[in-house]
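J.: My questions all concern the structure below.
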Amino acid sequence: MDALFSRFAIIGILSVFMIENAVAAKSCGVAVGKFISIEGAIELEHTNFGERQPATLESPLCQDDMIHVGENSRAAISLINEVVLRLDQNTTIRLVDVAPQPEKRSLLELMVGAFKSFSRPPRTFAVNTPYINGLIEGTEFAMRVGNESSIVTVYEGKVTTANEKGKLTLKRGESALAKKGQPPQPYLMIKPWDAVQWTLYFPPLLAAPGGGNQQIPMDATPSVKEAFSLVSQGDTPGALTLLEHVSPSEQNANFHVYRAALFLDVGRADEARADIDAALTQDPKSGLAYALRSIIEITRNEQQQALASAEQAVLLTSSAAAKIALSYAQQSAFQLESARDTLLSAVSEHPNAALAWARLAELWLMYGDREKAFAAAQKAEALAPGLSKTQTVLGFAALAENRETEAKTAFERAISLASDDPLGHFGLGLTKIKRGDLAEGRREIEAAVALDSSNALLRSYLGKAYYEEKRPPLEGQQYDLAKELDPSDPTPYLYSAIDKQTSNRPVDALQDMQKAIELNDNRAVYRSRQLLDSDLAARSASQARIYTDMGFQQLALRQGWKSVNTDPSNFSAHRFLADTYSVLPRHEIARVSELLQSQLLQPLNMTPIQPHLAESNLFLISAGGPGALSFNEFNPIFNRDGLTLQTSGLVGEKNTYAGEGVISGIYGNAAFSFGGFHFTSDGFRQNDGQKDNIANGFVQYEISPQTSVQAEYRYRITNKGDLRRLFFQDNFFPNEKNDEERNTYRLGARHNLSDTSTLLGSFLYQTADLTNGDQPFDGIPLTLTITRPESSLGAELQHIFRSQYVNLTTGAGYTNINGRLDAQ
């Protein structure tokens, strides 16, 4: 009876606890924020309920709530005013008044600890601390409250610090220190990013929440094994607390290595470095210590030191962890093939290493081999179902195949398993953008940046999102920060070049593009270094216009030729050449050929097909007219479902005017582009007029990532006089008339036989009515008109093989023009 009563009592207590939580969740009406990451012991204290409750990702944040972050724990919150806060361990903060309206000021109170604020909209808010108050104007800064002082460091924007003794305004790269009873003073910080080193995300090497029992070291002491068991359940702070009570006699080199891995899991780089040094002091041949040191150096963008440490680790130990570290170091040095081979060796020697399989899946995905990436990810999932990295890879693979629902599910699961991993939020942001929700997708990328603020690549993508939202100068600020954080990455220079070309800064754009090419081994850059997503839209951007705006067509040609020779299957390189040829006289056939090659090779993308680009005989007065690259004034550099409309126009003397418009879009596995072009002019002498009307429709459907089909229809009707330019000005036919009406039908297909072999097919049918004759002129009646019908049929099959040592293109063609057969 007593046992039964006890059970009912426990159930009653739990019910009351659940009801109190539910009431607390609803008590604030509209929540003013939410948690986006929780690591360790995070407690939430609602205003109406004095007791602290453990926080979860679903816990709403209310006005005047207090957040308590425990030892060896971290959290990140997103507020309704679009401010993201990263909270350090041992931090207590109160959300005094969070105002969603931009004209109202929000107020936070930092009682103890530290936070890093990430806020891009031009909103103002204030932060009060015991020793200094800050007035912030839409910026990125960090603030820490110690025993008797406060310190503020600004990374972007402006912060005015003040207390009863005085005030000080800080700009980017500046810091201020305020001690108890003293005014804020400038504080010199040689490396400002060191102040927020605790925000860094370190890829798991030995310890991974959800990694299962396979991660527990076999040679570890019972205490370490128990600690790793807690980590596998997601309790890293508990594991570190357990290790604090290990006697000094048990603290050998391996103990320090394993504890360093746990410290990195919660961002404690200083403590981890101390343990690594202690391990190497006791055992200079500790390969795992060098592997962990490499991970720290990679995260700090110290590529050469990281590579040296990882290579030393592999020399000293054959463990999977050492080779995983080496793969990260090789990837950071842009040695992707070496990184892949290192991981193949790791899984061959350690077939039960789930982290190694997950990393291999990531590398296969970077190479575009989704079949092998899926197989490796499924192997990792079978070994450790709770490993978040596996879900991240599955999400990116699904996103690359336009399976957004499946990708969203995978990324959300990855976040639930490890909310501190920025790649989960990054992938979820890309998925939302692909589905057309740019604002929500950008917020997820902001969350990813907040979780790893020193990640240059995430900064570049956030800049892309601001560019899409047309929010200058925010995109430029992110590109500049990315360049500062990782000077060897060409990605921010590529996106910055497109941004500056859009804003009519061709000289600056050319400088950034040249720098990107220099950092990419002197090859043209068509995509970011984050190869997990295909980055198709940026690859389709009209980079050629950066060169043509400056009149450097020959330089653009050399870059395009080099790119095509390096990889003849790169659709971006062919489009680059087509756009470059479009402003060069007597290159019409080359332009049309390169455009066709680009269309056949391209995956789904939103870049419009200008109707005039597919015609080889425009007879325009100047390439500076409507034949110029007038499109992509704003080129979307995110590939997402939706529509885009782009137009251009030209007006001149002699009744000269022109216009071109294209509507293009993506929906699921289909892409389309429909456009029209018109040009008319009386010319600068008699019978020099011309009219040209072109319509174009293009549809593409992706059956699978390896196979796509496309169909195109073009209609053109032209009317022109005698446009020939002979030596004598009066040497022309005053009543000559030339009319042409042409219909073109084209079918195309692409199939990737492997990642190095591509098969292309094209079928074209064309009909035309050509009319030549005279027209009435100065009383001279029409004398003769001849109409000639024409038809042509063409088919071509092409195979492209590429390897590290040789590129080979072979093909066969068939044409039939008015019954005349030609086979090649």
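Numbering (the working numbering), first residue to last: 15 to 838.
Ideal Cβ placement from N, Cα and C applies to all residues, glycine included.
Remember, it's a predicted structure, so these values are computed and weren't measured experimentally.
(1) Starting from Tyr346, follow the alpha helix (DSSP H) in both directions and report where the run begins and ends.
(2) Can you tell me which residues form a DSSP beta bridge with Gly47?
(3) How should Ala275 be labelled, buried or exposed, when 16 other C-beta atoms within 10 angstroms of its C-beta is the threshold for buried?
(4) How about Gln103 and Glu85: are their beta carbons less than 8 Å apart?
(5) Over what stretch of residues does the alpha helix (DSSP H) that includes Lys448 continue unbroken?
(6) Would you mind listing the beta strand (DSSP E) stretches within the stretch 121–198 that are 3+ residues and don't spill past its ends, in chain order?
(7) Would you list the one or two residues that DSSP bridges to Met905?
(8) Specify whether the stretch 80–100 and the stretch 46–63 touch according to this definition: at least 3 beta carbon pairs, one from each stretch, less than 8 Å apart.
(9) Please determine, among Leu99, Gly703, Tyr727, the residue with the shortest C-alpha to C-alpha distance to Asp736.
(10) Rounded to whole angstroms, what is the Cα-Cα separation between Leu357 and Gly438?
(11) What residues in its chain sit with their C-beta under 6 Å from that of Gln344, if we drop five residues either side in the sequence?
(12) Might you give, ordered along the chain, the residues of its own chain that have their beta carbon closer than 7 Å to the beta carbon of Trp378, omitting 5 neighbours on each side?
(13) Could you tell me whether the Cβ atoms of Gly409 and Phe425 are closer together than 8 Å?
(14) Do you know offhand how far Ser332's Cα is from Glu376's?
(15) Identify whether Asn733 lies in helix, strand or coil by the three-state DSSP scheme.
(16) Measure the alpha-carbon distance for Ser8 versus Gln720 and round it to whole angstroms.
(17) Whole angstroms is fine: what's the gap from Ile531's alpha carbon to Ser577's?
(18) Work out the CA separation of Ser237 and Pro197 for me, nearest whole Å.
(19) Is it buried or exposed for Glu178, if we count other Cβ within 10 angstroms and need 16 for buried?
(20) Would Asp503 pass as a contact of Leu524 if the rule is Cβ separation under 8 Å?
(21) For the beta strand (DSSP E) containing Lys705, name the first residue and the last one.
(22) Looking at C-alpha atoms only, which residue of His765, Thr770, Thr758 is the closest neighbour of Phe777?
(23) Apply the 10 Å Cβ neighbour rule to Thr105 and answer buried if 16 or more other Cβ atoms are within range, or exposed otherwise.
(24) Let me know the alpha helix (DSSP H) ranges lying completely inside the stretch 561–625, each 4 residues or longer, listed in chain order.
(25) Beta carbon of Lys181, beta carbon of Tyr145: below 8 Å?
(26) Once the 5 residues before and after Gln584 are set aside, which same chain residues still bring their CB inside 8 Å of it?
(27) Considering only residues of the same chain and omitting the five flanking positions on each side of Ala45, which have a CB-CB separation below 7 Å?
(28) Taking the straight line between their C-alpha atoms, what separation do you get for Trp575 and Leu591?
(29) So who's on the other strand from Asp249, going by DSSP bridges?
(30) At the level of alpha carbons, what is the spacing between Asp500 and Gly690?
(31) Straight-line CA distance for Ser133 to Lys48?
(32) If I measure Cβ to Cβ from Ser678 and keep anything under 6 Å in the same chain, skipping five residues before and after, which residues do I get?
(33) What is the DSSP secondary structure of Gly679, counted as helix, strand or coil?
(34) Classify Glu608: buried if its beta carbon has 16 or more other beta carbons within 10 angstroms, exposed otherwise.
(35) Taking one C-beta from the stretch 323–340 and one from the stretch 293–304 each time, how about it: are there three or more such pairs within less than 8 Å?
(36) Going by DSSP in three states, Phe746 sits in which element: helix, strand or coil?
T.: Let me lay it out:
(1) For clarity, residue 346 is Ser in the given sequence; the question names Tyr instead. Judged by DSSP secondary structure, Ser346 falls within the alpha helix (DSSP H) whose first and last residues are 334–346.
(2) According to DSSP, which records beta bridges pairwise, Gly47 is partnered with Leu75, Leu93.
(3) Counting Cβ neighbours within 10 Å, Ala275 comes out buried, since at least 16 surround it.
(4) Between Gln103 and Glu85, the C-beta spacing is below 8 Å.
(5) Annotation: the continuous alpha helix (DSSP H) that includes Lys448 extends over 436–448.
(6) Unbroken beta strand (DSSP E) runs of no fewer than 3 residues, entirely contained in the stretch 121–198, are found at 138–142, 147–159, 163–177, 180–184, 189–193, following chain order.
(7) Residue numbering for the chain in the displayed model covers 15 to 838; residue 905 lies beyond these limits and cannot be assessed.
(8) Pairwise C-beta distances place the stretch 80–100 in contact with the stretch 46–63, as three or more of them are shorter than 8 Å.
(9) Closest by alpha carbon: Gly703.
(10) In this structure, the CA atom of Leu357 is about 22 Å from the CA atom of Gly438.
(11) Beyond the five residues adjoining it in sequence on each side, Gln344 comes within less than 6 Å, by CB distance, of Ser352, Ala353 in the same chain, given in chain order.
(12) Once the five neighbours on either side are set aside, the close Cβ partners of Trp378 are Lys386, Ala387, Ala390.
(13) By the CB criterion at 8 Å, Gly409 and Phe425 fall inside the cutoff.
(14) Glu376 has its alpha-carbon roughly 21 Å from the corresponding atom of Ser332.
(15) Here Asn733 sits in strand by DSSP.
(16) In the structure displayed, the chain extends from 15 to 838; residue 8 sits before or after that span and is not available.
(17) Approximately 11 Å, taken between the alpha carbons.
(18) Going by the C-alpha atoms only, they are around 48 Å apart.
(19) Glu178 counts as exposed, since fewer than 16 other C-beta atoms from the protein chains shown sit within 10 angstroms of its C-beta.
(20) At least 8 Å separates the beta-carbon of Asp503 from that of Leu524.
(21) Taken as a continuous stretch (DSSP letters only), the beta strand (DSSP E) holding Lys705 covers 704–718.
(22) The residue with the shortest Cα to Cα distance from Phe777 is Thr758.
(23) It is buried - the Cβ of Thr105 has at least 16 other Cβ atoms within 10 Å.
(24) 567–580, 585–595, 602–615, all fully within the stretch 561–625.
(25) For Lys181 and Tyr145, no; Cβs fall outside 8 Å.
(26) First, the residue type needs correcting, since residue 584 is Asn and not Gln in the sequence shown. Excluding residues within five positions, the ones whose Cβ falls inside 8 Å are Tyr540, Ser577, Val578, Leu615.
(27) Pro74, Leu75, Cys76, listed in sequence order.
(28) Here the alpha carbons of Leu591 and Trp575 stand approximately 8 Å from one another.
(29) According to DSSP, which records beta bridges pairwise, Asp249 is partnered with nothing at all.
(30) Taking the CA atoms as reference points, Asp500 sits about 44 Å from Gly690.
(31) Answer to the nearest angstrom: the Cα atoms are 15 Å apart.
(32) Same-chain partners within the cutoff: Met620, Pro622, Thr658, Ser687.
(33) In this structure, Gly679 counts as strand in the three-state DSSP scheme.
(34) Per the 10 Å Cβ criterion, buried.
(35) Segments in contact, yes.
(36) Judged by DSSP in its simplified three-state form, Phe746 adopts coil rather than helix or strand.
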